[in-house]
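Numbering (the numbering used here), first residue to last: -15 to 348.
What follows is the structure in structure tokens.
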């Protein structure tokens, strides 16, 4: 029994399926054909056998299968989840998970008898997928690798904006901008993934540039710490996560008619059974409550000092009209002036009462 050289197999780790190609010549030279090669020795299962491509030069035997629970189990592929301490842009995380999907392509010896002169052909393959991403609009390119390759689920993640709490009406942003305090509903959804994973948002924030590392940013929520206007009804319990916030303007845009910013989310794909342990626990929340509800808890907003490098993110463009802010600015000015006058009147009344008690002023 022997393993073939790495150059005989090519592995493509796609977002929703894996593609394998092995050279046909070594298969024929070893006394086998395409009907005698299968994934993980599942020779009687047609879905686990390859398809010859003799047009390609050199000819290859192709295997392609979706990354889902049904097929991985059908063809005997292994799916293992590992946890490691975060590195690089995720160095602040003590638990970052990855999933490794592996298996073999092996041959079936058709010889009848006690001995054989055919050498068994065995190909090993694996794909490792990190489960934490910073969603953005960077184009995803799946590279072709030999024997082993790191893939990405990023293209199965999408961010959508809605105008209603049911997350059914897409948000339409007019050229003149949205009105201040318009509630914006955001959903990050995973598609074509195995049911083993849920979507967990670690951090979502807005920036004045599509490149957040080089611009002003504002955190909508980081873990269980949230801006006062941010609501997170769904996080870590399904293959979608949802939150909403009210439209605002960046102060540095005060001289602009329209304020524009971009939305980013640090997104984690967590195994169903471990999502609860990845949610932060506040002093007012117990681990059992998180396990039961798996919701991000609301606390006062605290800006973070660490900034993540842009990896993969979807910028969502917002426009907010300055005209709508002018009326609110006038209203705030009137409210402040009224408050100051009230405080002055109360202070004067208290001072007069004090003088009367001291006998400085007599009331006839």
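All C-beta atoms in this analysis are idealised placements derived from N, C-alpha and C, irrespective of residue type, glycine included.
Close Cβ partners of residue i (< 8 Å) along its chain, the five nearest in sequence each way excluded
i, result
"residue 31", "49, 55, 58 and 59"
"residue 29", "22, 58 and 59"
"residue 152", "146"
"residue 42", "7, 8 and 9"
"residue 14", "91, 102, 103 and 105"
"residue 18", "8, 11, 33, 34, 35, 36 and 45"
"residue 154", "144, 145, 146 and 147"
Start-to-end residues for the beta strand (DSSP E) that takes in residue i
i, result
"residue 202", "201 to 206"
"residue 249", "242 to 255"
"residue 50", "44 to 50"
"residue 80", "80 to 91"
"residue 107", "105 to 114"
"residue 22", "21 to 23"
"residue 174", "167 to 174"
"residue 216", "215 to 218"
"residue 349", "Limits of the chain in this structure are -15 at one end and 348 at the other, which puts residue 349 out of reach."
"residue 56", "Counting along the chain, residue 56 falls outside any beta strand (DSSP E), though it belongs to the alpha helix (DSSP H) covering 53 to 58."
"residue 149", "It is not in any beta strand (DSSP E) - residue 149 carries neither H nor E in the DSSP assignment."
"residue 225", "224 to 230"
"residue -3", "-7 to -3"
"residue 36", "35 to 37"
Spatial neighbours of residue i in its chain, beta-carbon cut-off 7 Å, leaving aside the 5 residues before and after
i, result
"residue 100", "93"
"residue 95", "102"
"residue 156", "none"
"residue 165", "230 and 231"
"residue 63", "56, 83 and 85"
"residue 202", "189 and 190"
Nearest to residue i (by Cα), restricted to the options the options
i, options, result
"residue 105", "166, 20 and 219", "20"
"residue 163", "231, 191 and 63", "231"
"residue 241", "34, 159 and 82", "159"
"residue 222", "168, 252, 243 and 12", "252"
"residue 26", "-5, 174 and 61", "61"
"residue 215", "202, 16, 169 and 237", "169"
"residue 206", "195, 219, 186 and 191", "186"
"residue 172", "146, 156 and 194", "146"
"residue 10", "165, 102, 3 and 192", "102"
"residue 229", "167, 44, 262 and 200", "167"
"residue 44", "149, 148 and -9", "-9"
"residue -7", "84, 110 and 65", "110"
"residue 2", "98, 51, 87 and 202", "51"
"residue -3", "86, 40, 149 and 195", "86"
"residue 225", "239, 150 and 195", "150"
"residue 68", "39, 202 and 115", "115"
"residue 250", "40, 143, -5 and 108", "143"
"residue 108", "80, -5, 239 and 260", "-5"
"residue 262", "154, 195 and 80", "80"
Spatial neighbours of residue i in its chain, beta-carbon cut-off 6 Å, leaving aside the 5 residues before and after
i, result
"residue 46", "5, 34, 35 and 37"
"residue -13", "Caution is warranted here: a pLDDT of 43 is assigned to residue -13, below 50, making its placement in the model unreliable, and no coordinate value can be reported."
"residue 243", "233, 234, 237 and 304"
"residue 53", "178 and 179"
"residue 16", "91"
"residue 193", "199"
"residue 176", "0 and 140"
"residue 213", "229 and 230"
"residue 66", "82"
"residue 98", "none"
N-terminal and C-terminal residue of the alpha helix (DSSP H) that residue i is part of
i, result
"residue 181", "That residue, residue 181, is in no alpha helix (DSSP H); its beta strand (DSSP E) goes 181 to 191."
"residue 11", "8 to 13"
"residue 263", "Unbroken run through residue 263: none, as it is neither H nor E."
"residue 62", "Careful: residue 62 lies outside any alpha helix (DSSP H), inside the beta strand (DSSP E) at 62 to 68."
Whole-number beta carbon distance between residue j and residue i, since they are thought to touch under 8 Å
i, j, result
"residue 113", "residue 82", "6 Å"
"residue 89", "residue 7", "At roughly 12 Å, the Cβ-Cβ gap does not stay under 8 Å, so residue 89 and residue 7 are not in contact."
"residue 161", "residue 184", "Their Cβ separation, rounded to whole angstroms, is 32 Å, which puts residue 161 and residue 184 out of contact at 8 Å."
"residue 245", "residue 190", "5 Å"
"residue 188", "residue 248", "7 Å"
"residue 204", "residue 211", "5 Å"
Heavy atom of the ligand ADP within 8 Å of residue i beta-carbon
i, result
"residue 20", "Here there are no bound small molecules, and the ligand ADP is not part of this structure."
Q) If we count Cβ pairs, one from each stretch, closer than 8 Å, do we get three or more for the stretch 251 to 264 versus the stretch 172 to 184? A) yes
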